[in-house]
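In this note's numbering, the protein residues as written are 38 to 146.
Glycine included, every Cβ here is placed at the ideal spot set by N, Cα and C.
None of the values given here were measured: they were computed from a predicted structure.
Quick notes on the structure that follows.
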């Protein structure tokens, strides 16, 4: 017996709490940082050693919080109406990641 309680899903409390905390950080990053265009939230929700793969317009991975901040500012400036829609969040005790889709509406004529 581990001595840890279990939640309603059967996960140990410490594992599920940490995973939910990391999922909340990932969701906050998208909903407040990206969708509300708040660079402070982007910085608050990331590690200094961030490595981001698969970014629109980037030639390979973007590494480090400074480089990512510059990328995000450029993207937000170029597409001020863009919003992120979360498709999946993976959260563990030391990792939070997401798959999302950026939505950009074309101007109406």
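Are the Cβ atoms of residue 59 and residue 114 separated by less than 8 Å? no
On the three-state DSSP scale, how would you describe residue 104? helix
In whole angstroms, what separates the C-alpha of residue 29 from that of residue 106? Limits of the chain in this structure are 38 at one end and 146 at the other, which puts residue 29 out of reach.
I'd like the span of the beta strand (DSSP E) that includes residue 126, first residue to last. 120-128
If the criterion is Cβ atoms closer than 8 Å, does the pair residue 112 and residue 63 meet it? no
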